[in-house]
Each structure stands twice: as C-alpha cells, then as structure tokens.
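S.K.: Read in order, the letters of the sequence shown are residues 1 to 140 in the UniProt record's numbering.
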Amino acid sequence: MGATQSLDFDMDCQKPISNMCLAKPDKTPEQPQEMLRKNRSFKKEIGRIDSRLAVLRTELGSINNKIEKNEAKVSKSVLPSDQKIIDTTLKQNSVLLDRQNSLIFEIKELELAQSRLRRTSEDLREEMSKYGACNVRFSD
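So, in structure tokens, the structure goes:
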C-alpha cells in the first residue's frame, strides 16, 4: 500500500494545509508578524522617499528655469556695458549648475534606494504568501 498524504482544511479560507506546512523547517523563517512589520516599514520608507523626490524634482525644475532665464539674459546682452551683467549671470549659472548636478545625483541615489526597497518588499510579500496556505493571514 502506498503512503497517502493527509490534508486538513482551513475552514475560513478553504485551502488545504499540507503536512509540509505543519513540519518544522530546518531553518526557522522569520515570524509572519515580523515580516509584516518589515514590509510596512519598507512601505513607509518608500513613501518618505517619494516625498523627498517630489521636493527635489520641484527644486530641480526651479533651477532649470533660472538657468534658462539667465542664458536668455546673457544672449540678449550684446553691449560692452552689459559685461558686468554677463559676468554676474554666468557666476550665478555656475552655482546653479553645481546645485543642479548635486540634485540630479541625489535624485538618482534616492530612486535607486527606492527601487531596492520595492524589490525587497516584493520579495518579502512573496515569502509571506508561502504562509498563506499555512493558515497565516496577512493584511496591510
């Protein structure tokens, strides 16, 4: 006679619970509640990054507008008496370009961090879904 695997049913969700779920794993996984806590903290951090990115992108847009206005001002200045305006405007643009570059770098770094957090959050969700058949409920 062949061995049969017994299946119990969770009456709430009507999913079979295999004996594998009931067996103790070799490596103890994180507790589902801990996974939920981590996933929530990842989502909060992603939200904070979204907010920071919005602020940085707004500032970057403002800087880009100032640079364009300064370039237009310089291109209109053709008289020798306009040299002081040109020099001042070019110095302003130099400072603005430095800030623009640092903003672009910070935005790229935040986008990368956000991408990693999203990936980690998805991996954690996938890991949590393994517990779904083991009568563990996950809700955000």
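By construction, the Cβ of each residue, glycine as well, lies at the ideal position given by its N, Cα and C atoms.
#1: State the DSSP-derived secondary structure class of S129, mapped to helix, strand or coil.
#2: Taking buried to mean at least 16 other C-beta atoms within 10 Å of its own C-beta, is L22 buried or exposed?
#3: In angstroms, rounded to a whole number, what distance separates the CA positions of E58 and Y131?
#4: For a quick check, are the C-beta atoms of S94 and I85 less than 8 Å apart?
#5: Express the C-alpha separation of Q31 and residue 147 in angstroms, rounding to a whole number.
#6: Can you tell me which of the three DSSP states L22 falls into?
M.R.: If we stick to the structure as given:
#1: DSSP places S129 in the helix class (H, G or I) of the three-state scheme.
#2: Any reading at L22 needs caution, since the residue's pLDDT is 45, under 50, leaving its predicted position unreliable; the model's value is listed next. Under the 10 Å beta carbon count, L22 is surrounded by fewer than 16 other beta carbons and is classified as exposed.
#3: The sequence shown places Thr at residue 58, rather than the Glu named in the question. Distance between the alpha carbons of T58 and Y131: 42 Å.
#4: One thing to note: S94 has its Cβ no nearer than 8 Å to the Cβ of I85.
#5: Here the chain comprises residues numbered 1 to 140, so residue 147 is not present and cannot be evaluated.
#6: Only weak support exists for where L22 lies, its pLDDT of 45 falling under 50; the value from the coordinates is given anyway. The three-state reading of DSSP puts L22 in helix, counting H, G and I together.
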